[in-house]
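Counted the way this note's numbering counts, the sequence shown spans residues 1411 to 1906.
A virtual CB, placed ideally from N, CA and C, is assigned to each residue, including glycine.
For reference, the structure is listed below as C-alpha cells.
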Amino acid sequence: MTAAATGTAPRTASFGLPGGALVAGAWQTAGLTVAVSDPHDGTPVGWVARNDAADVDAAVRAAARAAAEPWPLWQRREALDEAARIVRDELPWLAGIISTEGSKTITEAEQEVRRCAETLRLSAAAGPVLRGEVLEFDDSDRGAGKRGWFVRAPLGVVAAITPFNDPLNLVAHKVGPALIAGNGVVVKPAEATPHSALALAEILLRAGVPPARLAVVCGDGATGHALVTHAGVDVVSFTGGPVTAARIAAAAGPKKLLMELGGNNPVIVCGDADLDAAADAIVRGAFGCAGQNCLSVQRVYADASIHDALLTRITAGTRALKVGPKTDRTTGVGPMIGEAEAARVEAWVDAALAGGARAHTGARRDGAYYHPTVLTGVPADADVLVREVFGPVVTVVPVESAAAAVAAANSAQALHAGVFTGGLDEALSIADRLHAGAVVVNGTSDLRIDSMPFGGFKSSGIGREGVRFAVAAMSEPRCTIIAGGPQHQSTVNRTQ
Ligand code: NAP
1411 MTAAATGTAP RTASFGLPGG ALVAGAWQTA GLTVAVSDPH DGTPVGWVAR
1461 NDAADVDAAV RAAARAAAEP WPLWQRREAL DEAARIVRDE LPWLAGIIST
1511 EGSKTITEAE QEVRRCAETL RLSAAAGPVL RGEVLEFDDS DRGAGKRGWF
1561 VRAPLGVVAA ITPFNDPLNL VAHKVGPALI AGNGVVVKPA EATPHSALAL
1611 AEILLRAGVP PARLAVVCGD GATGHALVTH AGVDVVSFTG GPVTAARIAA
1661 AAGPKKLLME LGGNNPVIVC GDADLDAAAD AIVRGAFGCA GQNCLSVQRV
1711 YADASIHDAL LTRITAGTRA LKVGPKTDRT TGVGPMIGEA EAARVEAWVD
1761 AALAGGARAH TGARRDGAYY HPTVLTGVPA DADVLVREVF GPVVTVVPVE
1811 SAAAAVAAAN SAQALHAGVF TGGLDEALSI ADRLHAGAVV VNGTSDLRID
1861 SMPFGGFKSS GIGREGVRFA VAAMSEPRCT IIAGGPQHQS TVNRTQ
C-alpha cells in the first residue's frame, strides 16, 4: 500500500489529530514512524504509529476492563447520537482526510461522511435489538415450575479490522454496533488510511465514549495479526479481501468471526430494459471510487438483442468521465490507492487483451491512475472476468437468454447483483435464481442502505452487517433462570 516507514518529515500527529494511535485511553504522540501518502503522487501527508504486540495487548486489556465497567444503554445511545451530530458538523474536516489519504474524490468522500453520520445515528437507535424475551419453561416437563428470561449481552472485546476503500463508514459500521451493544472495541484500520479511523475515534471520545473502551492501533498486517490472535479478543469483525480473511481464520483460534469480503458482481440487462438508465447506472457502479468498491459492477450480461446498443451507451458514458485530481469536483475517477494496485489492474487487462479481448475505452495507466476501461470478448478464464478486479474495469458479455445470463452470473461469487428489465415477473424470476447477498431490480449491484442486512454468501462473507444485524452478531443471549423449589421440579432427570 502507500504507507511506508520512510522519510524525514516532522513525525507529529497530522490533520489536527491529538495523536497517531489511541491505546488504552491515551493518544500516542511519540514514535510516529509510519508515513501515510497521498495516492495521487505518493507525497507523505501524515504520520502514525506502528503499534506492536505490546501496544495491542495494552489496548485489548484496557478495552476489556472498560467494557466490564457500567455504561448504561441511555449513555451509549446519547454518545452515539452526539457523535453522529459532530460527524455532520465536521464534514469538511473528515472529507478532507478521506480524500487526502485515500483514493476517493472530494465528492465521494463527502458522501461517505454523510453515510457515517447515518450509521452512527442508526447505531444509537439500535438498543432495542438487545431486548430479550421471557422464556416459556412451562412448555417442557423439565421446565415446569421454573421462570426465566434472556437479554442480549455484549461479547466483550471486538477486534475491528477495516479496509482502505471506505475508511470512515466501514469503521463506523463496526464501532457503532459494538459500542451500543456494550462491548469494548479495538480498531486496526488499513495502513494506507488510518487517519480517517483516528478522526472518528477522536469524535467518539468528544461525544462521551469512555476513552479506554475504544482503541485504534495502527500498523500493517503484523499489527492486525497481533490483534486477531490476542486471547482477550472475543469477536473478530473483518472487512477486506479473501486472502487476508483466510489468514485471519487460520490464525485467530476459537473466536467468533464476522467477515465482509469481496464480490465479483454481475448485472443482467434484459432485452426490454431501459438502456439509457441501465448504461448510466452501470457506468456509475463500475467506476465510482475508481472501481475500488466491494459492490462495483464488474460483469454485464446483456441480452444479445440489445448488446451493441447497450455497449455503445456504456462506452460513451465511460469516455465522458473525467480522470483527474480528487480535489476537482468535476472529476469522475480519481487515482487507485497506489501505483502497485494500478499496475496489477493494468497487468490483468493486458493479459485479457493478449487473449483476444477488445478495449472500447481506457486500458491505460498513468502512475496510480487507471483509466476506466470497457472490455468485450474477454476469454472465459481471464482474471478480469473470474476474480474480483477491485479497479475501474467492466466487461460486457452478450447472452442468448435469461437462463444463460443467470448461469453466467452465478459462475463467480457475487456480493450483490443487479437486473434491468421492464417485466416484474422476469425481474423476480431472475432475482430468485442469483446467488448474491442482495439483488437490485432496475439498479446495479452498487446499492447499499446502511440499515439493511449486508453481506454475502460463501467467499463473499460470513454473517451480516447493517447496524441492527451487527448489534445482534456482537451480542449473545444470556439467560437468567429462577429454578424454583423441589416441589416444582419434574421427577424426570431431576439432577441434570
Ligand atoms: P485487505 O488487504 O484484505 O486488508 C484489510 C485489512 O486487513 C487491512 O486493515 C489490513 O492491513 C488487514 N490485514 C492484512 N493482513 C492481516 C492479517 N494477517 N491479520 C489481520 N489483519 C490483516 O483488503 P483491502 O485491500 O484493504 O480492501 C479490499 C478488499 O476489501 C476487497 O476484496 C473488497 O471487496 C473488500 N471489501 C469488502 C467490503 C464488504 O463490506 N463486504 C467492503 C469494502 C471492501 P493493511 O492495510 O495494513 O495491510
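A residue is called buried once 16 or more other Cβ atoms fall within 10 Å of its Cβ, and Glu1528 is buried on that count.
If you draw a straight line from the Cα of Asp1576 to the Cα of Ile1692, it is about 20 Å long. Contiguous alpha helix (DSSP H) elements confined to the stretch 1841 to 1900 occur at 1877 to 1883, taking only those with 4 or more residues.
In this structure, the straight-line span from the alpha carbon of Val1568 to that of Lys1598 is close to 11 Å. Comparing alpha carbon positions, the residue from Asp1448, Thr1453, Arg1531 closest to Lys1514 is Asp1448. For Gln1708, the three-state secondary structure derived from DSSP is strand. Between the stretch 1551 to 1571 and the stretch 1836 to 1854, the count of Cβ pairs shorter than 8 Å is below three; the stretches do not touch. Restricting attention to Gly1894, Ala1719, Leu1637, the CA atom closest to the CA of Asp1462 is found in Leu1637. At a Cβ-Cβ threshold of 9 Å, Gly1650 and Ile1571 count as neighbours. In this structure, Ala1464 is the residue among Glu1810, Phe1879, Pro1808, Ala1464 with its C-alpha nearest to the C-alpha of His1640. Within the same chain, and ignoring the five residues on either side of Ala1841 in sequence, the residues whose Cβ sits closer than 7 Å to its Cβ are Val1829, Val1849, Val1851. The bridge partners DSSP lists for Asn1461 come to none. For a cut-off of 8 Å, the C-beta gap from Phe1574 to Ala1600 is around 4 Å, short enough to register as a contact. Cβ-Cβ distances below 8 Å link Ala1818 to Pro1676, Arg1709, Tyr1711, Val1807, Val1809 in the same chain, with the five nearest sequence neighbours on each side left out; the list follows chain order. Between Ala1473 and Leu1530, the C-beta spacing is not below 9 Å.
Cys1680 has its CB no nearer than 8 Å to any heavy atom of the ligand NAP. Cα atoms of Val1733 and Val1755: separation of roughly 16 Å, rounded to the nearest angstrom.
Partner residues in the beta bridge of Lys1666, as assigned by DSSP, are Val1645. Going by DSSP, Lys1514 is part of no alpha helix (DSSP H) at all; its letter is neither H nor E. DSSP places Lys1598 within a strand segment (E or B) once states are collapsed to three. Pairing Gly1642 with Val1743, the inter-Cα distance amounts to about 42 Å.
A distance of 9 Å or more separates the beta carbons of Ala1880 and Leu1671.
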